[in-house]
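Right, one structure below, let's go through it.
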Amino acid sequence: MFDIVVRNGTLVDGTGTARRRADVALRDGLVVAIDETIDAEAHEIIDATGRIITPGFVDPHSHFDGQVTWDTELGPTAWHGVTTTVMGNCGVGFAPIRPGTEPYLIQLMEGVEDIPGTALYEGITWGWESFPEYLDVVDGLRRSIDVGASMPHGSLRFYVMGERSVTQQVAGADDIATMGRLAREAIEAGALAVSTNRLASHRAKDGTPVPGTFADELELRALALALRDGGAGLLQVTGALAMGYDLDTAFDELDMYARLSVECGHPVLFSLTEVNQSPDFWRRALDHVEKLNGAGANLIVQTHGRPTGLVVGWDTFNPFAGRSTYDALALLPIDARLDRLREPSTRQAILDEGFDPAARGRMSIVAKLWEYVFPMIDGPTFEPTFEESVAGLAAAAGIANEAMLYDLMCQCPLQLSLGGYRKHDLSSIHDLMSHPDAMLGLADGGAHCSIICDSSMPTFLLQHWVRDRTRGPRIGLEAAVRMLTSRPAEVYGLGDRGVLAVGKRADLNVIDFDALDLHLPEVRYDLPTDAKRVVQRADGYDVTVCAGEVTFRSGHATSARPGTLIRGPRA
Numbered sequence: 005m006f007d008i009v010v011r012n013g014t015l016v017d018g019t020g021t022a023r024r025r026a027d028v029a030l031r032d033g034l035v036v037a038i039d040e041t042i043d044a045e046a047h048e049i050i051d052a053t054g055r056i057i058t059p060g061f062v063d064p065h066s067h068f069d070g071q072v073t074w075d076t077e078l079g080p081t082a083w084h085g086v087t088t089t090v091m092g093n094c095g096v097g098f099a100p101i102r103p104g105t106e107p108y109l110i111q112l113m114e115g116v117e118d119i120p121g122t123a124l125y126e127g128i129t130w131g132w133e134s135f136p137e138y139l140d141v142v143d144g145l146r147r148s149i150d151v152g153a154s155m156p157h158g159s160l161r162f163y164v165m166g167e168r169s170v171t172q173q174v175a176g177a178d179d180i181a182t183m184g185r186l187a188r189e190a191i192e193a194g195a196l197a198v199s200t201n202r203l204a205s206h207r208a209k210d211g212t213p214v215p216g217t218f219a220d221e222l223e224l225r226a227l228a229l230a231l232r233d234g235g236a237g238l239l240q241v242t243g244a245l246a247m248g249y250d251l252d253t254a255f256d257e258l259d260m261y262a263r264l265s266v267e268c269g270h271p272v273l274f275s276l277t278e279v280n281q282s283p284d285f286w287r288r289a290l291d292h293v294e295k296l297n298g299a300g301a302n303l304i305v306q307t308h309g310r311p312t313g314l315v316v317g318w319d320t321f322n323p324f325a326g327r328s329t330y331d332a333l334a335l336l337p338i339d340a341r342l343d344r345l346r347e348p349s350t351r352q353a354i355l356d357e358g359f360d361p362a363a364r365g366r367m368s369i370v371a372k373l374w375e376y377v378f379p380m381i382d383g384p385t386f387e388p389t390f391e392e393s394v395a396g397l398a399a400a401a402g403i404a405n406e407a408m409l410y411d412l413m414c415q416c417p418l419q420l421s422l423g424g425y426r427k428h429d430l431s432s433i434h435d436l437m438s439h440p441d442a443m444l445g446l447a448d449g450g451a452h453c454s455i456i457c458d459s460s461m462p463t464f465l466l467q468h469w470v471r472d473r474t475r476g477p478r479i480g481l482e483a484a485v486r487m488l489t490s491r492p493a494e495v496y497g498l499g500d501r502g503v504l505a506v507g508k509r510a511d512l513n514v515i516d517f518d519a520l521d522l523h524l525p526e527v528r529y530d531l532p533t534d535a536k537r538v539v540q541r542a543d544g545y546d547v548t549v550c551a552g553e554v555t556f557r558s559g560h561a562t563s564a565r566p567g568t569l570i571r572g573p574r575a
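Last residue of the sequence shown? That's 575 in the numbering used here, and every number before it is there in order.
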């Protein structure tokens, strides 16, 4: 007797090999049989006729470090076929921590990752000091998906150095030795990686940089050697080059990553995207990575599957906030506010107030990117043309860009593309994420709550890149599923998942591929203290199974919570 048999589906097993007709049998949390026909009894039969069967998706980049202590569902990430996620990225997290210093790590996370501090204060259930103790707490909780954790350098440095971690760029020898020892202990306890931030614009709410942002090579070397001595893991880096900063020293930075990877014998995973200020840099960076890897390094590029962007709206990234006429209405419920905003007199008053182009406000950001702001009138944007942008629509209508933006915001949310869309197509992103040294990631689940929802990346990949794209080459279904499953699993050393094969984890999706459909982003006030977040749902996910239990049916969570903590191989 099997627990579950999925019948009559098209199996896309995550390896990149050709799809095939197959039944899949699950028992005790594992895949126990795959055959063209499995004619046996099971507690549940799932009919996958006309559906594809994939491994559960592996999301390598989230920020659920606090949310994991109160939320058993972990949406919206879990709503898009994800059964495994890795948190603790970008050098920020909540362990290790000295009792009494919780407010600092909360305001650090709030500043860097735009997670409401009030929600973190109210929601987190503390109960640890060391990173191994944090893992034990997470391990004692159950949820709809599995989570793994990286040891964050920022938290580690603050734990070891206190206030000096922010003010002292170069750590002392004793500080470095202690950080290396604690990082090794974290790896031995089951951390999947050590993460660090080198992006100066990542700031705590008080404006100070993330501890470790300006760490020298000796300090980073101690973190890398912790991987060697701990026998597992990788070094995850969020660097300046990901946002197009410090490009004059970028190759020196990559050379340092290469030295670290060679000396520790483990990968260095760093972020790279196309940036507007140097749109061809990513190609030169990839060429350099190929050269370094050819000489023995192990560098892996983590990149997006769509442009880096923001959701523009009255309750998200609002360029008109700060104008007195708007601010007088800001606390009204959205429906009542829209009624007032649509009044011609209100519209004219807000537009007449104007803005100071020299000010560092939200409109000053948008005003530099009119041609990259796109309305989502009939649904999410995927690969819009210039003519569909605010600039294009305003020119066609013969009105100012600001007026067009205002009118569109009264109809629908908009997508502002900050990078990766300079030519008004996705050709650069296609080439970057298809590169053999690249890994798809950066979905940022749990973070940037008020302005972004990239947790829907798996659905975007399948719906647009595989099924619907018309403005360039598509990505094959098998290749796309590999990007979402076995590739990130391999990078993070998760050999028990990412592929549907006998003996592997019983994590899978049954997907109505033809019906995949992203919904519009929406604002919800469902975090602790009713704090807001932007979420995005999708149609097409018939069933998601984690550890052999059905966790989602037709996009809605069941009561099953089989997800637990993933520990690295040395734990």
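Glycine included, C-beta positions come from ideal geometry on N, C-alpha and C.
Point to revise | Cα-Cα separation between N93 and L397, rounded to whole angstroms | key: Approximately 39 Å between the Cα atoms of the pair.
Exercise for review: Give me whichever residues DSSP pairs with C550 in a beta bridge.
Suggested key: In the DSSP assignment, the residues bridged to C550 are E553.
**Study point:** Length-filtered (4 minimum) alpha helix (DSSP H) runs lying within the stretch 222-300
**Key:** Taken in chain order, the unbroken stretches of alpha helix (DSSP H) that lie wholly in the stretch 222-300 and span 4 residues or more are 254-268 and 285-298.
Check your understanding: Apart from the five residues on each side of it in sequence, which residues of its chain come closer than 6 Å, Cβ to Cβ, to D543?
Key -> A519 and D521
Check your understanding: Straight-line CA distance for A561 to V527?
Key -> 19 Å
Check your understanding: Just curious, the beta strand (DSSP E) that T200 is in, first and last residue?
Key -> That run of the beta strand (DSSP E) goes A197 to R202.
Review point. Should H67 and A451 be called a contact, given that it needs their Cβ atoms to be closer than 8 Å?
Key: yes
Check your understanding: According to the Cβ coordinates, are L196 and A153 closer than 8 Å?
Key -> yes
Review point. Among residues of its own chain, excluding the 5 on either side of Y376, which ones have a beta-carbon nearer than 7 Å to its beta-carbon?
Key: S393, L420, S421 and Y425
Check your understanding: Span of the alpha helix (DSSP H) holding I3?
Key -> In the structure as shown, the chain begins at 5 and stops at 575. Residue 3 is therefore absent and cannot be evaluated.
Exercise for review: Sort K209, G194, D140 and A219 by Cα distance to Q172 and report the nearest one.
Suggested key: A219
**Study point:** Cα-Cα separation, M437 to A564
**Key:** Looking at the two C-alpha atoms, the distance is approximately 34 Å.
Practice item. Please go through the same chain and pick out, in chain order, the residues whose beta-carbon is closer than 6 Å to the beta-carbon of M367, but skip the five residues on each side of it. Key: P323 and F359
Point to revise | Given K295 as reference, the closest of P311, A262 and P271 once Cα atoms are compared | key: For the residues P311, A262 and P271, the minimum Cα distance to K295 belongs to A262.
Practice item. Could you tell me whether the Cβ atoms of V646 and A37 are closer together than 8 Å? Key: Past the edges of the chain, shown from 5 to 575, lies residue 646, and the structure says nothing about it.
Check your understanding: Whose C-alpha, out of D210, A193 and T217, is nearest the C-alpha of A204?
Key -> T217
Practice item. Compare the Cα-Cα distances from L314 to each of Q467, V539, A52 and A82 and report the closest residue. Key: V539
Review point. Going by C-alpha distance, which of G559, L239, V72 and G184 is nearest C202?
Key: The displayed chain sequence assigns Arg, not Cys, to residue 202. It is L239.
Review point. What whole-angstrom Cβ distance do A447 and M461 have, given they're in contact under 8 Å?
Key: 5 Å
Review point. In terms of residues, what are the limits of the alpha helix (DSSP H) holding D140?
Key: F135 to D143
Practice item. Kindly say whether A52, judged by its beta-carbon, lies nearer than 8 Å to any beta-carbon of chain D. Key: Checking the listed chains, one finds no chain D in this structure; it contains a single protein chain.
Review point. When DSSP labels each residue in this structure, what does P462 get in the three-state scheme?
Key: helix
Exercise for review: Leaving out five residues on either side along the sequence, give the residues of the same chain with a beta carbon under 6 Å from the beta carbon of F517.
Suggested key: I56
Check your understanding: alpha helix (DSSP H) containing L412: first to last residue?
Key -> Taken as a continuous stretch (DSSP letters only), the alpha helix (DSSP H) holding L412 covers N405 to M413.
Check your understanding: Can you tell me whether DSSP reads D51 as helix, strand or coil?
Key -> strand
Review point. According to DSSP, which residues form a beta bridge with Y545?
Key: I515
Practice item. Can you grab the Cα-Cα spacing for the pair E189 / D291, in whole Å? Key: 36 Å
Point to revise | Integer Cβ distance of L276 from W286, believed to fall under 8 Å | key: 6 Å
Review point. Rounded to a whole number of angstroms, what is the C-alpha to C-alpha distance between G97 and D69?
Key: 6 Å
Exercise for review: Locate the alpha helix (DSSP H) running through D343, then write down its first and last residues.
Suggested key: I338 to L345
**Study point:** C-beta atoms of P417 and L258 nearer than 8 Å
**Key:** no
Point to revise | Residue environment, E406, which counts as buried when at least 16 other CB atoms sit within 10 Å | key: Burial of E406 is indicated by the presence of at least 16 other C-beta atoms within 10 angstroms of its C-beta.
Check your understanding: Quick one: what's E126 bridged to in DSSP?
Key -> Paired residue(s): none; E126 is not in a bridge.
Practice item. Tell me, please, which residues DSSP counts as bridged to P59. Key: L512
**Study point:** Integer Cβ distance of D2 from A26, believed to fall under 8 Å
**Key:** Outside the displayed range of the chain (5 to 575) lies residue 2, so it cannot be described from this structure.
Review point. From the DSSP output, which residues share a beta bridge with V495?
Key: Answer is none; V495 lacks a bridge partner.
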